[in-house]
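For reference, the structure discussed in these notes is given below.
Chains as they are written, first to last, in our numbering: chain A, 303 to 563; chain B, 1048 to 1578.
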C-alpha cells in the first residue's frame, strides 16, 4: 500500500535557496501536507511550513505543487503518479520568510484599506431584512478562507510587482463586490473599486477561479458583475442623465482610500 | 538565519493578549476600547485560530426560533450538560449575557493522538498560568467529541460538526440500528425520545416531542459510540455510521452542510448526499482550566486574566455544543474589562519583570538549539500522544493512569535532552521542543486529576468507578505548582444560589445531590412541579 515518493522541496530564506531532494514514505489516503509532516518528523525538523487546521478551512498551508497553487492539506497524494517527482515551492508572489513560508502582509494591508460595511444608521441591528437571493450571493463570497492562492496566481501582481500599490487582487476586489452588492450597504463602492483597488487591471482570465479551493466563481460572480456596475455608472448615458435630473439623492460615493489617490 | 539572541526588541504595552482566537480578540477589542495600548501574540497567522473551525454556531437563547427559549432554559441545559459540576455563577453570566453578545489560548488536544485540534493546542496557556502561580481546576474533564472522521488515517480525528445530527443525521451501527436509543441514561430519560417516530417528529415540532437521543450531550454520545465499536458493531474503518443521505434531500444537505460535503468529498472521496459517513470519538476540548473569578476573569495571579478554553469551571464536566463561542464572547469581554480595570488600579506603579527571570527563560528556550546531540522532539511528542491516548483516554482505569504518570516521568527526562538543528527563525522542530514542556505539564495535570476522581462524570469516565457520585459532585480538584512539582488538592464546588437551584425540579436534583444537600434545600428552593 505504501510507497516512497520523490520530493523536491524548496529550502532557503529571503536571501537565497534551492530545491532539495528527499524520499519520503507515503501511506494510503494521505495528502501532501501529511508527507511534508513526515519529512519534518524524520529528516528535516527545521523545514518551515505554515499550517493549522488540516481541513481546508483555515487557508494556511498554501504552496505551489508542481507549479500549481494549492493547499497542502487538500491535495491528496493519489492525484499524482507514484513515480512522479513532486516539486514543492513557496507561493511565488509573496516574499519568502523561510522554506515554504511566505510573508503575506500584502494581503493584510489591502484588507485594511477596504471601507467597512456601511449600513443605514437609522436601522437597528435585527431590523435588517434581506432577500434570500441577496444572502446567497454574499454567502458564496463568504466561503473564502483567505488562503491567498488567488492573489498568488493573479498575473497582475505575480508577474508585475509594480502593480502591488494599484491592485488589490481578486480576493479583495471580491470583498468590494460583496459590499457593493449588499442590499443594506449604503456606500457606492464603484469609484474606489476602479480607482483605488485596480479593477481595471483584471483582464478576466479566470486564473483566480481555477485555483480557489472553495470553488468560488470569483471572476463570474464577483469581478465581472463589479466591472459591469463600474461601466454602468461611468459610461451609460441614461444613468448619467438620470443622475443629473433625478430628484432622489444618489448614494454617496465611498471616500477615497487615504494615500491612494 | 534569524536574529542572534543579542538582537531582542523590547516593546511596551498596557495589555498583552496571548492567543488570537475568539476570546483573545474579544478581550483585545474591549481593552482597546478602554483606551489601553494592546498587543496580541499569536502562534499562527492572524485569523487562522481554531475559532474559525467552529461550524455549529454560538449558543444563545434569543427566542427567535422558539419563543420558549430564554436564559433559564440555556442555564438549565448548560448545568445538565456539565452534570451539575459547573461554576454556577459562570453558567449564569454566560446564559444571561450570550444573547447580547451574539450579533484565548485555547486547548490541549495536541497532547492526545486522535484529536480535532491543530498543532497550536499544546496547552501553553494552561501550563504558563500554572508556572506563573495560578491554579488549574478539574483537568480530568476532557471532552471527546463523538464525531471525528476515522478514515483516511491522515484525517483521523478531524471534526464532523454537530450540525449534522442537529439537522437530522442519525447514528447507526453495522447492523443498521439507531443504537443511541439504547444509551439514554436515567438522568436524561425524561428529556429524550423513546421511539424513532417521536425523535423524527422533534425536528419540526420540538414543543410536543422529545429530542432524538443522537442529541444527548457529547460525553454520552462519545461513550456510546465507543461501546458499539468495542462490541464489534462498528464500521469498516473502526467507527460507526453517521447518515444524512437517507434523511434529507441532496439539495438540502448541500445547502445546510456545504462544508461537510466538501470535507468528505475531497478528503475521503465520500459523497455524504449518497452514503453515510464513518465517525468516531476525537479529543476535542478541555473543560478544566485556569481557575478564574467569574465576574472579572481574574486568576489568583495579579494582572493575569483568562478566558475561553484555557479557563475552567464554566462548562462543569462536559461542554455543550455551541457554548464555546458564546463563552468566549461573554468572558472574553469580561477579561478585557478586567485587565483594563487592573491597569487603571495600578495608577502608573506597574510591576516589572526581573532581568534574571528573563535571562533564565531565554536560556531555557534556547537550550534545544545549542545541544548538539539529543533526541528528536517529534519522536517524543508522537510517543507522548500515543501514551495519553492509550492510558488516559476516553475510558480510564486506575492502573493505566498510574502507568501514564510513570511514563510521563520518563518523557520529562527525554524532553530535557531534545536537540534541534537550525536557528530561531520559523523553526518548527524548535517549536515542538518548546511545546513539550507545556504538553507534559498539562498531561501530568490531567493524569493526576483523573487518578484522584473516583467517579464517572462528563468528560471523565472511570471503568473502575462507573457511576456518578453525589459526594464527588461537591469537589473541585485543584492543581498547583509547588517548586518544580505539580500538587493536587480538593476544594468545595461553589454552591448554587437558591434562585438558580429553583430552576430545577427537586426530582432532577435528587439524581445529582447528596441526602444532606437535598435536606438543606427546604421546600422553597426547588419547585416540585415540572418545567
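For glycine and all other residues, C-beta sits at the position ideal for the given N, C-alpha and C.
Note that the structure is predicted; figures quoted are calculated from it, not measured.
Can you name the start and end residues of the alpha helix (DSSP H) that residue 1276(B) belongs to?
1265-1277
Taking the alpha helix (DSSP H) that residue 1378(B) falls in, what are its first and last residues?
1370-1393
Can you say whether residue 1366(B) is buried or exposed, counting buried as having 16 or more other CB atoms within 10 angstroms of its CB?
buried
Can you give me the C-alpha to C-alpha distance between residue 1051(B) and residue 1193(B), rounded to a whole angstrom?
Confidence at residue 1051(B) is low in this model, with a pLDDT of 47, below 50, so its placement is unreliable and no value can be given for it.
Counting only beta-carbon separations shorter than 8 angstroms, does residue 403(A) have a partner in chain B?
yes
Would you call residue 1400(B) buried or exposed, if buried means 16 or more other Cβ atoms sit within 10 Å of its Cβ?
exposed
Given residue 1119(B), which residues of its chain have a CB within under 6 angstroms of its CB, disregarding the five upstream and five downstream residues?
1550
State yes or no: is the beta carbon of residue 1149(B) nearer than 8 angstroms to at least one beta carbon in chain A?
Caution applies to residue 1149(B), whose pLDDT of 48 falls short of 50 and renders its modelled position unreliable; the model cannot decide the point.
Fully enclosed by the region 334-377 of chain A, which beta strand (DSSP E) runs are 3 residues long or longer?
364-367, 370-373
Using the beta-carbon of each residue, which ones in chain A are nearer than 9 angstroms to residue 1260(B)?
Correct list: empty, because the minimum Cβ distance to chain A is about 28 angstroms.
Residue 1451(B) versus 1350(B), 1331(B), 1432(B), 1255(B), residue with shortest Cα-Cα distance
1432(B)
Residue 1416(B) versus residue 1473(B): straight-line alpha-carbon distance, rounded
Cα to Cα, the separation comes out at about 13 angstroms.
Own chain, CB closer than 6 angstroms to residue 314(A), minus 5 neighbours either side, in chain order
none
In this structure, does DSSP put residue 1489(B) in helix, strand or coil?
helix
Where residue 395(A) sits in the DSSP three-state scheme:
coil
Are there 16 or more other CB atoms within 10 angstroms of the CB of residue 1375(B), so buried, or fewer, so exposed?
buried
On the criterion of 16 or more Cβ atoms from any shown chain inside 10 Å, does residue 429(A) qualify as buried, or is it exposed?
exposed
Inter-residue spacing [alpha-carbon to alpha-carbon] between residue 1218(B) and residue 1228(B):
10 angstroms
Enumerate, from N- to C-terminal direction, the unbroken alpha helix (DSSP H) stretches of 4 or more residues contained entirely within the region 423-495 of chain A.
434-444, 451-455, 457-460, 472-483
Whose C-beta lies closer than 6 angstroms to the C-beta of residue 1079(B) among residues of the same chain, with five residues either side of it excluded?
1085
Which residues in chain A have a C-beta closer than 9 angstroms to the C-beta of residue 1328(B)? List them in chain order.
Within chain A, no residue comes near residue 1328(B); the closest Cβ sits about 17 angstroms away, beyond 9 angstroms.
Going by beta carbon distance, what residues of the same chain come within less than 8 angstroms of residue 1586(B), once the five residues before and after it are set aside?
Because chain B spans 1048 through 1578 in this model, residue 1586(B) falls outside it and cannot be assessed.
How do the region 408-419 of chain A and the region 356-367 of chain A stand: do at least 3 beta-carbon pairs fall below 8 angstroms, yes or no?
Too few Cβ pairs lie closer than 8 angstroms, so no.
Could you check whether the Cβ of residue 364(A) sits closer than 8 angstroms to any Cβ belonging to chain B?
no
Report the neighbours of residue 1398(B) on chain A: residues whose CB is nearer than 8 angstroms to its CB, in chain order.
Those do not exist, as residue 1398(B) stays about 33 angstroms from chain A at its closest Cβ, beyond 8 angstroms.
Going by the CB atoms, is the gap between residue 479(A) and residue 543(A) shorter than 8 angstroms?
Contact: no.
Using beta-carbon positions only, say whether residue 1442(B) and residue 1510(B) come within less than 8 angstroms of one another.
For residue 1442(B) and residue 1510(B), yes; Cβs fall inside 8 angstroms.
Kindly list, in the order they appear in chain A, the residues whose Cβ is closer than 8 angstroms to that of residue 1325(B).
Residues of chain A passing the Cβ test: none, with the nearest at roughly 12 angstroms.
Are the Cβ atoms of residue 1331(B) and residue 1190(B) separated by less than 8 angstroms?
yes
Residue 504(A) by DSSP, collapsed to three states: which one?
coil
Among 1503(B), 1567(B), 1495(B), 1250(B), nearest to residue 1184(B) - alpha-carbon criterion
Cα-wise, what sits closest to residue 1184(B) is 1495(B).
So that I know if they touch, is there some Cβ in chain B lying closer than 8 angstroms to that of residue 349(A)?
yes
Is there at least one Cβ from chain E nearer than 8 angstroms to residue 1310(B)'s Cβ?
The displayed structure is made up of protein chains A and B, and chain E is not among them.
Can the beta-carbon of residue 1358(B) be found closer than 8 angstroms to that of residue 1321(B)?
no
Please state if the CB of residue 1073(B) and the CB of residue 1380(B) are separated by a distance shorter than 8 angstroms.
yes
Residue 487(A) classed as buried or exposed, judged by whether at least 16 other C-beta atoms fall within 10 angstroms
buried
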